[in-house]
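Protein sequence lines correspond, in order, to chains G and P. For the first sequence, this note's numbering assigns the number 12 to the initial residue and increments by one for each residue that follows. For the second sequence, this note's numbering assigns the number 12 to the initial residue and increments by one for each residue that follows.
2 protein chains.
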Amino acid sequence: MTSATSKRVLEHPARNEIRLEDVLHALADPMRLTVVRELAAGEGELACSDIDLPVTKSTSTHHFRVLRESGVIQQIYRGTAKMNGLRREDLEALFPGLLDSVLAAAAAESARDRAAPAAR
Amino acid sequence: MTSATSKRVLEHPARNEIRLEDVLHALADPMRLTVVRELAAGEGELACSDIDLPVTKSTSTHHFRVLRESGVIQQIYRGTAKMNGLRREDLEALFPGLLDSVLAAAAAESARDRAAPAAR
């Protein structure tokens, strides 16, 4: 039981291993930004299946992995569900204000797209 | 003379064509972040040759192009020099506070690397 459990512990960078360039790369994708926005809007953790992305399952898994490996989210198995949470505290300690400004920018861009979809 | 000049006008996205994901992608590279930090620290424009990157000339040119095409910098030929400037006003209008928080994060990461280079 123990080894089966530990095999399902996913690797995460420690706080001091999180790199700005990896965080920005992780956020530089519309699907991944959608995930981060939904996690930021919700309270606590969300299962991967709670976040509806218009991509295949394997692409979705890839996006979650990029977010985890960059240090943006944590992923923990709870039973059969992989639960996701933002690493707000770690990101805020390393890069104060960065996550909030990216979230605000994403909201501004969404509002702009809704206001003038033809301008794209 | 006129056509020779106009051929050397480089293409830039208009303000409303600038996309958050492109901006974040442009900033998600240590060399490009170095360029942006130097432009932010300086006053006004800098020539590409004023910014010393530890990469080949063609790689450097590529990085400047990514920054220009994403809308992060403007590039203008003045005589034989290609001059670069941050598009602060456009970025601030679209994504208030984003550039400053990325610059602060880059400064924080540099300070962290200097304090504990072995931790990487």
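The beta-carbon is built from N, C-alpha and C at its ideal position, and this holds for glycine as well. Values in this document were obtained by computation on a predicted structure and should not be read as measured data.
(request) Give the interface partners of residue 108 (chain P) over in chain G, defined as CB-CB distance under 9 Å, in chain order. (result) Residue 108 (chain P) sits at position 97 when you count from the first residue of the second sequence. The answer, in chain order, is 108, 111, 112, 115, 116.
(request) Verify whether the separation of the beta carbon atoms of residue 101 (chain P) and residue 43 (chain P) is less than 7 Å. (result) If you number the second sequence from 1, residue 101 (chain P) lands on position 90. If you number the second sequence from 1, residue 43 (chain P) lands on position 32. Contact: no.
(message) Under DSSP, the alpha helix (DSSP H) around residue 30 (chain G) begins and ends at which residues?
(response) Your numbering for residue 30 (chain G) matches position 19 in the first sequence. It is not in any alpha helix (DSSP H) - residue 30 (chain G) carries neither H nor E in the DSSP assignment.
(request) Would you mind reading off the limits of the alpha helix (DSSP H) that contains residue 43 (chain P)? (result) Position 32 of the second sequence, counted from the first residue, corresponds to residue 43 (chain P). First-last of the alpha helix (DSSP H) with residue 43 (chain P): 41-52.
(request) Look up residue 16 (chain P) in the DSSP assignment and say whether it is helix, strand or coil. (result) Locating residue 16 (chain P) in the second sequence gives position 5, counting from the first residue. Because residue 16 (chain P) sits at a pLDDT of 47, beneath the cut-off of 50, its placement in the model cannot be relied upon, and the following sentence gives the value as read from the coordinates. Helix, per DSSP.
(request) Answer with buried or exposed for residue 22 (chain P), where buried requires no fewer than 16 other C-beta atoms within 10 angstroms of its C-beta. (result) Taking the first residue of the second sequence as position 1, residue 22 (chain P) is located at position 11. Under this definition residue 22 (chain P) is an exposed residue.
(request) Determine whether the Cβ of residue 31 (chain P) lies closer than 7 Å to any Cβ atom of chain G. (result) Translated into positions along the second sequence, residue 31 (chain P) becomes position 20. Yes, residue 31 (chain P) lies at the interface with chain G (some Cβ there is under 7 Å from its Cβ).
(message) By DSSP's criteria, residue 58 (chain P) is part of a beta bridge. Which residues make up the other side?
(response) As a working mapping, residue 58 (chain P) is identified with position 47 in the second sequence. Beta-bridge pairing links residue 58 (chain P) to P:94.
(request) Please list the residues of the stretch 81-105 of chain P that have a C-beta atom closer than 8 Å to any C-beta atom in chain G, keeping them in chain order. (result) Residues passing the 8 Å Cβ filter: 105.
(request) Note the first and the last residue of the continuous alpha helix (DSSP H) segment covering residue 120 (chain P). (result) Residue mapping note: residue 120 (chain P) aligns to position 109 of the second sequence, counting from 1. For residue 120 (chain P), the enclosing alpha helix (DSSP H) begins and ends at 109-126.
(request) Name, please, each residue of chain P whose Cβ falls closer than 9 Å to the Cβ of residue 44 (chain G). (result) The count along the first sequence starts at 1 and reaches residue 44 (chain G) at position 33. Here the neighbours are 31, 32, 35.
(message) At a CB distance below 8 Å, what residues from the stretch 45-57 of chain P approach chain G? Give them in sequence order.
(response) From the stretch 45-57 of chain P, no residue has a Cβ closer than 8 Å to chain G.
(request) Decide if residue 120 (chain P) is buried, meaning its Cβ has at least 16 other Cβ atoms within 10 Å, or exposed. (result) The residue you call residue 120 (chain P) lines up with position 109 of the second sequence. Buried, because 16 or more other Cβ atoms sit within 10 Å of the Cβ of residue 120 (chain P).
(message) So, for residue 55 (chain G): in the same chain, excluding its five sequence neighbours on each side, which residues have a beta-carbon less than 8 Å away from its beta-carbon?
(response) Your numbering for residue 55 (chain G) matches position 44 in the first sequence. The answer, listed in chain order, is 96.
(message) Could you compute how far the alpha carbon of residue 77 (chain G) sits from the alpha carbon of residue 53 (chain P)?
(response) As a first step, residue 77 (chain G) is located in the first sequence; it is residue number 66 there, counting from the start. As a first step, residue 53 (chain P) is located in the second sequence; it is residue number 42 there, counting from the start. Each residue's Cα considered, the two are about 34 Å apart.
(request) Less than 8 Å between the CB atoms is what I'm expecting for residue 47 (chain P) and residue 83 (chain P), so what's the real figure, rounded? (result) On the second sequence, position 36 is the one that residue 47 (chain P) refers to. On the second sequence, position 72 is the one that residue 83 (chain P) refers to. Confirmed, about 6 Å.
(request) Can you give me the start and stop residues for the alpha helix (DSSP H) that residue 25 (chain G) sits inside? (result) Here residue 25 (chain G) is taken as the residue at index 14 of the first sequence, counted from 1. From DSSP, residue 25 (chain G) is part of no alpha helix (DSSP H); its letter is neither H nor E.
(message) Given this structure, state the Cα-to-Cα distance separating residue 117 (chain G) from residue 68 (chain G), to the nearest angstrom.
(response) In the first sequence, counting from the first residue as 1, residue 117 (chain G) sits at position 106. In the first sequence, counting from the first residue as 1, residue 68 (chain G) sits at position 57. So the two alpha carbons sit approximately 24 Å from each other.
(message) Check whether chain G comes within 7 Å of residue 39 (chain P), counting only Cβ atoms and requiring the distance to be less than that.
(response) Taking the second sequence and counting its residues from 1, the one referred to as residue 39 (chain P) is at position 28. At least one chain G Cβ lies under 7 Å of residue 39 (chain P).
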